[in-house]
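What follows is a set of notes on a single structure, which appears directly below.
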Amino acid sequence: MTAKRIVIISAGLSTPSSTRQLADRLTADAASILRERGVDVEAQVFELRDLAHDITNHLLMGFAPPKLQEVLDAVSTADGLIAVTPIFSTSYAGLFKSFIDVVDPQALTDLPVLIGATGGTPRHSLAIDYAIRPLFTYLHAIPVTTGVFAATSDWGDGGDGVRSLPDRIFRGAKEFAELVERTDRSDLVSDPFALDRPIGHLVGGLTGE
Amino acid sequence: MQFGIFTVTDITQDPTTGRTPSEHERIKGTLAVAKHAEEVGLDVFALGEHHNPPFWSSSPTTTLAYIAAQTSTLQLSTATTLITTNDPVKLAEDYAMLQHVSDGRVDLMLGRGNTGPVYPWFGQDIRQGLPLALENYELLHRLWREDVVDWSGKFRTPLQGFTATPRPLDDVPPFVWHGSIRTPEVADQAAFYGDGFFANHIFWPASHTQRMIALYRQRFEHHGHGTAAQAIVGLGGQVFMRKNSQDAVNEFRPYFDNAPVYGHGPSLEDFTQQTPLTVGSPQEVIDKTLGFRDYVGDYQRQLWLIDHAGLPLKTVLEQLDLLGEEVVPVLRKEFAKDRPVEVPDAPTHASLVTAKYGDQAPRQATPNANRGDNLTLGSPYQDTAAVEASQRSSNRQAGSAFGAAATRKEFVR
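Protein chains in written order, with my numbering: chain A, 179 to 387; chain G, 182 to 594.
So, in structure tokens, the structure goes:
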């Protein structure tokens with residue numbers, strides 16, 4: 179059985195970032211749940227910070243420099259996406275949205291997505307549901323119902339004492355793993371240059387095709 | 182193999198002087214560039230089409246007709262003609278007219294355009310871009326090949342008993358290229374009709390061009406117009422040259438850094454690595470251009486963009502001198518080496534006339550008399566009935582002995 183391919187996108191701007199830390203925790207839980215079920219996992223992590231110039235050039239030019247193209251190809255052919263962004267001014271980071279804007283609008287169709295977000299206080303946690311989730315549903319991806327928000331306090335003793343961050347990570351990772359286990363998305367690689375509709379079907383009156 | 186230039190017709194501030202030319206100055210300048218292209222021995226001049234500032238070329242056939250009168254060998258083309266928002270009837274008329282005044286020195290390249298508002302300005306919906314391109318070209322194709330057309334489609338008012346005048350020169354329509362950056366359906370459209378396919382090539386990585394040309398060649402063979410190697414391929418390119426490579430880089434950098442489209446984006450170094458742009462010596466241009474053949478195969482037409490981003494006229498004319506004196510003569514020789522004999526040249530009016538008529542005299546359309554209401558009586562031309570009869574008996578496009586093109590119902594009337 180071929181391995182399931184998970185791509186992780188982290189839009190944290192500092193190094194190291196709590197956004198990346200959350201991404202790694204989500205990845206670790208999702209991978210271990212899948213492996214317990216006998217599913218091989220390949221995980222590729224990309225920091226958008228490293229691609230910031232390429233993303234801007236793509237926005238201006240309409241094509242991706244080679245390094246960015248590799249990431250776009252990985253995302254569009256993945257079995258699952260873990261997307262984690264800081265919340266800035268009530269929404270996803272601008273760099274995160276810029277990346278999504280250069281992804282082909284069809285490239286995320288049917289893709290299981292686990293959303294993570296980080297912020298200074300828990301008061302921003304609904305940004306996952308009013309800002310990030312609609313973005314993925316618009317693109318016909320499948321975000322799992324649990325999104326994981328980590329406030330600064332979640333990394334210390336000021337976090338939620340009833341539903342702790344590790345609990346929430348596990349819950350989101352489990353929902354995500356269940357979708358990834360079932361999808362056959364990476365077997366259905368889409369080729370943007372493939373001729374889906376030969377001209378005989380587009381111009382009327384043609385026989386023989 | 183044909184070599185030439187194509188122009189976007191942008192009017193852009195020269196970033197080194199802060200000066201922006203007027204429309205009139207740029208228009209006159211481009212006419213001088215076209216004439217000089219012939220003087221230095223280039224084969225083709227192709228003109229863009231735009232319908233908003235800061236571009237000036239809204240009326241390509243007017244411009245090309247003037248250039249035709251000022252030149253004697255230059256092949257006139259477009260880059261591109263908007264097949265989506267122009268009325269195919271007017272295109273049929275305008276370009277047949279241009280054929281007559283230029284004695285056949287005309288072909289055209291069709292594209293869908295890259296300026297969104299042009300669609301609504303001309304009463305169309307950009308989401309219908311591809312269906313418009315397909316339907317409009319099917320009508321244009323018929324108007325140039327049938328004296329009398331009955332037609333109805335989705336996007337234009339129907340035609341009953343319509344004749345596009347004048348008939349194409351020698352009853353041979355202009356050769357058509359189809360341009361598209363990454364729409365496979367357009368490569369298939371070009372292949373279906375046995376037309377040429379032109380890859381813009383200049384703002385995009387070579388891998389895109391390679392995929393599109395490979396698809397076009399494969400479909401050209403599929404549709405029965407010849408082998409994949411016989412498909413008619415054109416490529417764009419973009420160059421800036423000085424004798425010394427570093428002089429070229431230093432002089433071009435401010436134009437690159439402030440250019441429309443890619444300015445303030447990637448570095449000149451990244452862009453030259455990722456796209457066909459060459460900034461350097463004539464020898465570097467020769468080397469890079471010869472490399473195009475490695476990923477698209479032997480091809481028929483190479484056009485360069487040399488006059489955009491605010492470059493002054495004097496500089497553009499110097500670029501033409503370098504192309505004509507140092508680059509193109511070498512490329513002609515090198516591209517001819519090891520070129521398989523079955524690979525054709527780009528079609529010209531003369532070659533299309535020979536293909537259609539052999540040693541026979543070409544048809545000269547001569548109308549019947551005005552019956553008094555500004556319409557002709559019966560058939561529009563004295564030989565229309567005979568021409569239609571011969572079309573019925575052959576009932577095929579030239580070169581389409583098999584494949585889907587040979588079984589098209591449209592040609593059965």
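Ideal Cβ placement from N, Cα and C applies to all residues, glycine included.
At a cut-off of 7 Å, the C-beta of GLN399 of chain G has no neighbouring C-beta in chain A. A Cβ of chain G is located within less than 7 Å of the beta carbon of ILE377 of chain A. The alpha-carbon separation between ALA566 of chain G and SER560 of chain G amounts to approximately 7 Å. Rounded to whole angstroms, LEU255 of chain G and LEU471 of chain G show a C-alpha spacing of 23 Å.
Cβ neighbours of TYR476 of chain G within its own chain (closer than 7 Å, five residues either side excluded): ALA387, GLN391. Residue range 387-403 is occupied by the alpha helix (DSSP H) that includes ARG392 of chain G.
What PRO243 of chain A touches in chain G, judged by beta-carbon distance under 8 Å, is PRO447, ASP451, GLN455, going in chain order.
Under the 7 Å criterion on CB atoms, ARG423 of chain G is classed as non-interfacial with respect to chain A.
Listed by position along chain A, the residues whose Cβ is nearer than 9 Å to that of TYR443 of chain G are ASN235, LEU238, MET239. Note that the C-beta distance between ILE377 of chain A and PHE373 of chain G is below 7 Å. Secondary structure at ALA260 of chain G: coil, using DSSP grouped into helix, strand and coil. The criterion of a C-beta distance shorter than 7 Å is satisfied by ILE233 of chain A and PHE277 of chain A.
Apart from the 5 residues on each side of it in sequence, ILE307 of chain G sits with its Cβ closer than 7 Å to the Cβ of GLY297, TYR300 in its chain, given in chain order.
According to the DSSP assignment, GLY472 of chain G belongs to the alpha helix (DSSP H) that extends over 463-477. The three-state secondary structure of LEU228 of chain G, taken from DSSP, is strand. A Cβ of chain G is located within less than 7 Å of the beta carbon of PHE371 of chain A. In the DSSP assignment, VAL511 of chain G falls within the alpha helix (DSSP H) that extends over 509-517. Using a Cβ-Cβ cut-off of 7 Å, GLN370 of chain G counts as an interface residue toward chain A, since at least one Cβ of chain A sits closer than that to its own. Counting other Cβ atoms within 10 Å of its Cβ, ARG363 of chain A reaches 16 or more and is therefore classed as buried. By the Cβ rule, the segment 356-363 of chain G does not count as touching the segment 197-217 of chain A, because fewer than three pairs are nearer than 8 Å. The DSSP-derived three-state label of THR255 of chain A is coil.
Closer than 7 Å to the CB of PRO386 of chain G there is at least one CB belonging to chain A.
Between the segment 216-229 of chain G and the segment 237-250 of chain G, the count of C-beta pairs closer than 8 Å reaches three or more; the two stretches touch. Here VAL497 of chain G has VAL214, ILE487, ASP488 as same chain residues with Cβ atoms under 7 Å from its own Cβ, once five neighbours each way along the sequence are excluded. Closest by C-alpha distance to ARG520 of chain G, out of G:VAL287, G:HIS530, G:ASP479, is G:ASP479. Interface flag for ARG392 of chain G against chain A is set, since a Cβ pair is found closer than 7 Å. Uninterrupted alpha helix (DSSP H) stretches at least 4 residues long and entirely within the segment 257-327 of chain A occur at 272-280, 311-316, given in chain order. Just measuring C-alpha positions, the residue of G:PRO235, G:GLN341, G:ARG337, G:PHE303 sitting nearest GLU327 of chain G is G:GLN341.
Put simply, of G:LEU533, G:LYS469, G:SER571 the residue whose alpha carbon is nearest the alpha carbon of ASP351 of chain G is G:LEU533. Taking C-beta separations shorter than 7 Å and ignoring five residues to either side along the sequence, the partners of LEU315 of chain G in its chain run GLN370, following chain order.
Comparing alpha carbon positions, the residue from G:GLN572, G:ILE208, G:PRO525, G:THR252 closest to ALA218 of chain G is G:THR252. Under the three-pair Cβ rule at 8 Å, the segment 433-449 of chain G does not count as touching the segment 515-531 of chain G.
Per the Cβ contact rule, the segment 442-452 of chain G is not in contact with the segment 391-400 of chain G (fewer than 3 Cβ pairs under 8 Å). Annotation: the continuous beta strand (DSSP E) that includes TRP358 of chain G extends over 356-360. Put simply, of A:VAL358, A:LEU273, A:THR361, A:ASP374 the residue whose alpha carbon is nearest the alpha carbon of GLU366 of chain G is A:ASP374. ILE260 of chain A is a Cβ neighbour of LEU292 of chain A, given a cutoff of 7 Å.
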